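What follows is one structure encoded as structure tokens, with my remarks underneath.
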DNA sequence: AGTAATACTGTATAAAAGAACAGTATGGCA
DNA sequence: TGCCATACTGTTCTTTTATACAGTATTACT
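Residue numbers (my numbering), protein chains in the order written: chain A, 135 to 341; chain B, 135 to 341.
Structure representation (structure tokens):
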């Protein structure tokens, strides 16, 4: 059922890439142009075979209505984009777009909530939060804005560097604690700027 | 710059939802139909205002070419869908689609590699792998197929249950080890079916 | 060698979809 | 009060896009 010819695979690949970069499916003519076909019929006949094989589907007389019928696509939840910042300077205010290093895209179900406009992500460097099972190289998704509750993990700006710490309150005084005996803890949190509160984590594959 | 009127916000919301469920942007007439407008011009004038405010963009004379201009969209990498299985019976062979519980969608950059067709995800229950910083409730992404190397984390089928363990080799014999002193370890791995090798992890927000 | 599925050319047609023209009504604001 | 941005109606026109008809090579398989 799923055995595609080389040409058919090429077309499916093109559809995938086109949608990725253009945000919309190509028209028949656009497909023909990409492959150098002079007749739209070359495309339609291919598409019909792909439809018969269940790889794609479309609605008749509808522009750009092609869809790759991945059975998973139906299950896909809303995918949100969270900006990854390299280093966060003091404000985290207006022109944040300049420091964006990348983008973490993940569905709301997998991270357990819908990130707000103020969400951002950081790539963890170092193992200072290993006690909370956050490792070097992990992406952490944080929310900027809400006041942290005691015990929550926060990103704070220390010496121009943004580091993760646990936010604790002792005798009414807030302070930060590293979750690794090798690191100094108990940093008074009052003078520090809390950049964000930890929400979710993505751990990439190790090489 | 970003202050939208109520109507404009409604239209943006509709565009978002339409794309989510239909995989394509609506046409002007489809937008008009949704809001009960009798003239396509009602839509175009709204879209022009939204364009001027930088919220959307489109290409002239192109069907369904509307796009929400999130600056992050440009940075978005290829998003892959990985099926989440509830319980994995013996084979993991043909008709896997029936046990699919959901879908983890995440971009390839954030998990550090492109999942193959044989990739799948599990929701971790229990804390038997806490020593490897994998917690209860985490989603783990695994690859089915490749032989595990010593020290890698694998999903194995034990008593009909799929559990995570570390794959080790001692004196040429493979065995599995739980990463929690509370659990028994050193289960001979020879009779067990290795379902997949750990690749990446997603930790949802707690509560 | 023969048959069928695949891989195309070339042209024509009709539906779908965007864009333009000419207006009306309403609300906020100076 | 007048002005302007917003929020629409109604219609026409042109481009885009899908689809149908009529064919020719090519490959793959029996």
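For every residue, glycine included, the Cβ atom is placed at its ideal position computed from N, Cα and C. Keep in mind that this is a model prediction, so the values were computed, not measured.
Would a C-beta distance cut-off of 9 Å place residue i and residue j closer than the cut-off?
i	j	result
residue 269 (chain B)	residue 291 (chain B)	no
residue 238 (chain B)	residue 303 (chain A)	no
residue 333 (chain B)	residue 275 (chain B)	yes
residue 218 (chain B)	residue 273 (chain B)	yes
residue 161 (chain A)	residue 197 (chain B)	yes
residue 336 (chain B)	residue 244 (chain A)	yes
residue 159 (chain B)	residue 200 (chain B)	yes
residue 220 (chain A)	residue 233 (chain A)	yes
residue 271 (chain A)	residue 338 (chain A)	yes
residue 207 (chain A)	residue 157 (chain B)	yes
residue 202 (chain B)	residue 150 (chain B)	yes
residue 252 (chain B)	residue 279 (chain B)	yes
Just to make sure I have the definition right: I need the residues of chain B whose C-beta is within less than 7 Å of the C-beta of residue i. Which are they?
i	result
residue 310 (chain A)	Correct list: empty, because the minimum Cβ distance to chain B is about 19 Å.
residue 102 (chain A)	No answer is possible for residue 102 (chain A): it lies beyond the span of chain A, which begins at 135 and ends at 341.
residue 180 (chain A)	Simply none; closest approach about 20 Å.
For residue i, return the contacting residues in chain A, with the cut-off set at a CB-CB distance below 9 Å.
i	result
residue 217 (chain B)	205, 206, 209
residue 247 (chain B)	338, 339
residue 172 (chain B)	In chain order: nothing, as chain A lies at least about 22 Å away.
residue 234 (chain B)	205, 206, 209
Could you pull out every residue in the same chain whose Cβ sits closer than 8 Å to the Cβ of residue i, ignoring the five residues on either side in sequence?
i	result
residue 285 (chain B)	300, 301, 302
residue 138 (chain A)	146, 184, 187, 189
residue 148 (chain A)	160, 165, 168, 169
residue 314 (chain A)	261, 262, 263, 264, 265
residue 340 (chain A)	271
residue 176 (chain B)	166, 169
residue 193 (chain B)	199
residue 140 (chain B)	none
residue 174 (chain B)	162, 163, 166
residue 259 (chain A)	270, 271
residue 144 (chain B)	169
Along chain B, which residues have their Cβ under 8 Å away from the Cβ of residue i?
i	result
residue 194 (chain A)	Within 8 Å Cβ-Cβ: nothing; residue 194 (chain A) doesn't reach chain B, min ~14 Å.
residue 241 (chain A)	237, 238, 239, 240
residue 333 (chain A)	339
residue 269 (chain A)	267
For residue i, which residues in the same chain have their Cβ closer than 6 Å to its Cβ, ignoring the five residues on either side in sequence?
i	result
residue 255 (chain A)	216, 218, 238, 273, 275
residue 249 (chain B)	214, 216
residue 224 (chain A)	Reliability fails at residue 224 (chain A), whose pLDDT of 46 lies under 50, so the model's placement of it is uncertain and no value is given.
residue 191 (chain B)	201, 203
residue 152 (chain A)	160
residue 317 (chain B)	262
residue 180 (chain A)	145
How close, in whole Å, do the beta carbons of residue i and residue j come, if the pair is a contact with beta carbons under 8 Å?
i	j	result
residue 90 (chain B)	residue 331 (chain B)	Any property of residue 90 (chain B) remains undetermined from this structure, which presents chain B solely from 135 to 341.
residue 298 (chain B)	residue 262 (chain B)	7 Å
Starting from the beta carbon of residue i, find every residue of chain A whose beta carbon is closer than 8 Å, and list them in chain order.
i	result
residue 273 (chain B)	244
residue 166 (chain B)	Those within 8 Å of residue 166 (chain B) in chain A number zero; the least Cβ separation is about 16 Å.
residue 154 (chain B)	212
residue 198 (chain B)	158, 197, 198
Beta-carbon within less than 7 Å of residue i's beta-carbon, same chain only, minus the 5 sequence neighbours each way: which residues are those?
i	result
residue 209 (chain A)	none
residue 229 (chain A)	Per-residue confidence for residue 229 (chain A) stands at a pLDDT of 48, beneath the threshold of 50, marking its modelled position as unreliable; the derived number appears in the next sentence. So no residue of the chain qualifies.
residue 282 (chain B)	288, 301, 328, 331
residue 226 (chain A)	Low per-residue confidence applies at residue 226 (chain A): pLDDT is 47, beneath 50, and the placement is therefore not dependable enough to give any value.
residue 205 (chain B)	none
Closer than 7 Å by beta-carbon distance: list the chain A residues that pair up with residue i, in chain order.
i	result
residue 260 (chain B)	None at all; the shortest Cβ gap to chain A is about 14 Å.
Problem set entry | Segments assigned alpha helix (DSSP H), at least 4 residues, entirely inside the segment 242-320 of chain B | Counting whole runs of 4 or more residues, the segment 242-320 of chain B contains the alpha helix (DSSP H) stretches 242-245.
Problem set entry | Contained alpha helix (DSSP H) runs [length at least 4] in the segment 160-195 of chain B, N- to C-terminal order | You should have 162-169, 174-186.
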